[in-house]
Amino acid sequence: MMLINGDQIVSIKPIKMTTESRDVLDGYWIRLTNGKKYRALQIPASLQVYFDEALTDIKKSDDSSPSFSYQ
Numbered sequence: 319m320m321l322i323n324g325d326q327i328v329s330i331k332p333i334k335m336t337t338e339s340r341d342v343l344d345g346y347w348i349r350l351t352n353g354k355k356y357r358a359l360q361i362p363a364s365l366q367v368y369f370d371e372a373l374t375d376i377k378k379s380d381d382s383s384p385s386f387s388y389q
């Protein structure tokens with residue numbers, strides 16, 4: 319177990335990790351303000367709730383109204 323100050327966390331990214339026996343595990347990259355990165359198998363429940371949320375759908379623009387113009 320490793321204790322990390324929550325104020326020092328910059329980002330948490332879900333990743334897949336492999337073990338020596340080639341098993342694939344769900345894990346996380348934790349990046350801190352000092353630039354160090356750590357791999358983790360678990361994160362605190364208070365942060366886990368953000369990964370359990372459903373993402374909002376992004377509506378793609380249709381061809382009749384392009385989001386940019388060709389010049």
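Under my numbering, the first residue of the sequence shown is numbered 319, with each subsequent residue one higher. C-beta atoms are modelled at their ideal positions from N, C-alpha and C, and glycine is treated no differently.
Where residue 341 is concerned, there is no enclosing beta strand (DSSP E), because DSSP gives it neither an H nor an E. DSSP places residue 358 outside any alpha helix (DSSP H); the residue lies instead in the beta strand (DSSP E), whose first and last residues are 355-358. Between the alpha carbons of residue 352 and residue 336 lies a gap of roughly 26 Å. Under the three-state reduction of DSSP, residue 350 is assigned to strand.
Distance check between residue 333 and each of 341, 358, 322, 324 places 358 closest, using alpha-carbon atoms only.
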